[in-house]
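Shown next, in structure tokens, is the structure this report addresses.
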Amino acid sequence: MRNFMAALVAALIAVLPVRATEVTLYNLNGEETTVRSGDVKRMRDEGWYYFDEIYTVVYSEDGRSLNALTNRLDEWKSVGWHENLSDVQTTLYSEDGRSITVWNSEVEAYLAVGWYRTPEEVHTTLYSEDGREISVWNAEVEAYLAVGWYRTLEEVQTVLYNENGEEKTVWNTEVEAYLAAGWLRNRPGIDASRPMVALTFDDGPGPYTDRILDCLVNNNAKATFFVVGNRLGRYGAQLKREAELGMEIGNHSWDHANLTNLGAAALSSQINNTNAKAQEIAGICPAVMRPPYGSHNASVRSAAGMPLILWSIDTLDWKTRNADSTYNAVVSKVKDGDIILMHDIHEPTAAAVERIVPELVRRGFQLVTVSELGQYRAGGLEAGRVYNSVR
Ligand SMILES: [Zn+2]
């Protein structure tokens, strides 16, 4: 054995110096040549290069790779090749917590069988009644719901009131302690045995929102504002004021799209982006939705995950732009349990509200939010269900 090893080492020593002195060089035409190491400097002066100096590995979206002349890289890129592996691969996620990296050309096929592009799509945030929050894989959601976790904050929080009419949102587990300390489940001054209606304002916030809020506050009235997400930045002050005054903020889509025309992804971003923006600006996540044009179908009802609120009195204020007409549309037929549709982006509507609100109060109507109307008249509103009135 020892003799064999010695022979092997001798053979290697015999071979290595020869191989070590040979160097392969390349020219810009892609030709190669092998020269002795002593000739390398001269050859390089004459336009020959080491491999890495003139070649770059490029990748295709279906998983091929090749060595491209670096000075021709732009030509390769122009026909769909990429310099970085990360440009031709995509990481996808499954609802049970796996992830996989595939060639871009395979992505559509993977999406079709239940993989997703973002970790957000395969996670769901759940809430507990004592204020904890957890992010779980979608595949685990049902198991968590079965042991007392909930999909929405609204389900684990309760709004309570004190004698001064101040509101406080508390975790469900805290409710008993608050009630014992004198807080109330219902807004004081609301009498379930007396008539009540819900004024609703769509398409804002806008330049007349403050005027309408002034009128509501002066009459100790509440209303619901179905806001459009892409207006919330510009009219953030109005949105905050709505929230601070205890008005209900509802979701009226991101840009007033007809939601029945949208695919699943566009539909959920219309809803979720508006909720997120309202939460960001005013600290309130809408819990009721009014689809633009009142237009809905099974997909919209399911994606909303909230009660869908339509109306029983349509003032057509957007069309007439006439305060008398809007006023008459309400006072001529208003009755207990009505949901009244107006828009806080028109000046004649603000003028009409300044007459409607005192007149309804004079007639003994209590002006409540949509959720309050649902609470008093139906014991609460159900997600996915459509309401024109609540009586
Ligand atoms: Zn609208």
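So for the sequence shown, my numbering puts the first residue at 61; every next one is plus one.
For every residue, glycine included, the Cβ atom is placed at its ideal position computed from N, Cα and C.
No experiment lies behind these values; they were computed from the predicted model shown.
Using the Cβ count rule (16 or more neighbours within 10 Å means buried), how would you classify residue i?
i	result
Ser313	buried
Ile400	buried
Asn311	buried
Ser431	buried
Lys395	exposed
Gly289	buried
Lys228	exposed
Arg245	exposed
Asn278	exposed
Ser449	buried
Gly397	buried
Ala389	buried
Asn357	exposed
Glu193	exposed
Pro248	exposed
Glu202	exposed
Lys101	exposed
Ser372	buried
Thr468	Since the first residue of the chain shown is 61 and the last is 451, residue 468 is not available in this structure.
Glu302	buried
Val452	One cannot answer for residue 452 here, as it falls past the ends of the chain, which runs 61 to 451.
Val173	exposed
Helix, strand or coil for residue i, going by three-state DSSP, please let me know.
i	result
Arg132	helix
Ile250	coil
Tyr447	strand
Tyr110	coil
Thr93	strand
Thr375	coil
Gly310	strand
Leu292	coil
Ser125	strand
Thr212	coil
Met103	helix
Leu452	Any question about residue 452 goes unanswered here, given that the chain covers just 61 to 451.
Glu236	helix
Ile344	coil
Val207	coil
Ser159	strand
Lys337	helix
Ser195	strand
Glu227	strand
Asp147	helix
Between the Cα of residue i and the Cα atoms of the options, which residue gives the shortest distance?
i	options	result
Tyr447	Ile160, Pro367 and Ala411	Pro367
Asn127	Ile373, Tyr387, Ile160 and Leu88	Leu88
Thr269	Gln298, Ala203 and Val148	Gln298
Ala317	Leu186, Ser362, Ala347 and Asp263	Asp263
Ile405	Asn164, Tyr119, Pro265 and Leu322	Pro265
Glu214	Leu441, Leu133 and Asn357	Leu441
Val196	Ala203, Thr184 and Ala206	Thr184
Ser138	Val118, Arg247 and Gly157	Val118
Ser120	Glu143, Arg104 and Met103	Glu143
Val391	Val148, Tyr238, Val413 and Gly306	Val413
Val182	Asp274, Ser159 and Gly191	Ser159
Tyr387	Ser372, Ser362, Ile416 and Asp112	Ile416
Pro418	Asn131, Ile272, Ala324 and Gln330	Ile272
Trp141	Ser154, Thr116, Glu155 and Val162	Thr116
Asn131	Phe111, Phe261, Glu304 and Arg381	Phe111
Val421	Cys275, Ser125, Ser154 and Thr380	Cys275
Gly6	Tyr176, Ala199 and Gly208	One cannot answer for residue 6 here, as it falls past the ends of the chain, which runs 61 to 451.
Arg291	Asn333, Ser253 and Leu319	Asn333
Gly296	Ala325, Gln339, Leu427 and Ala237	Gln339
Pro267	Ala410, Asp105, Ser97 and Gly439	Ala410
Leu129	Glu92, Arg96 and Met103	Glu92
Glu226	Met307, Gly293, Asn198 and Asn321	Met307
Compute the distance between the beta-carbons of residue i and residue j, then report whether it is under 8 Å.
i	j	result
Leu145	Tyr170	no
Asp374	Pro408	no
Gly343	Ala443	no
Gly424	Pro255	yes
Glu189	Asn224	no
Val235	Thr212	no
Leu327	Val360	yes
Ile331	Lys300	no
Phe261	Met402	yes
Ile369	Arg350	yes
Using 8 Å for Cβ pairs, my map puts residue i next to residue j. What's the rounded Cβ distance?
i	j	result
Tyr453	Tyr221	Residue 453 falls outside the range modelled here, since the chain spans only 61 to 451, and no answer is possible.
Tyr109	Leu133	The Cβ separation is near 15 Å, so there is no contact.
Ile250	Tyr436	7 Å
Ala258	Leu433	5 Å
Ala206	Thr429	That belief does not hold up - the Cβ atoms of Ala206 and Thr429 are roughly 32 Å apart, past 8 Å.
Pro352	Asn335	Actually they do not touch by this definition, with Cβ atoms about 15 Å apart.
Trp136	Val148	That belief does not hold up - the Cβ atoms of Trp136 and Val148 are roughly 12 Å apart, past 8 Å.
Ser165	Asp122	4 Å
Residue i CB to nearest chain B CB: under 8 Å?
i	result
Gly434	Of the protein chains in the structure, only one exists, and it is not chain B.
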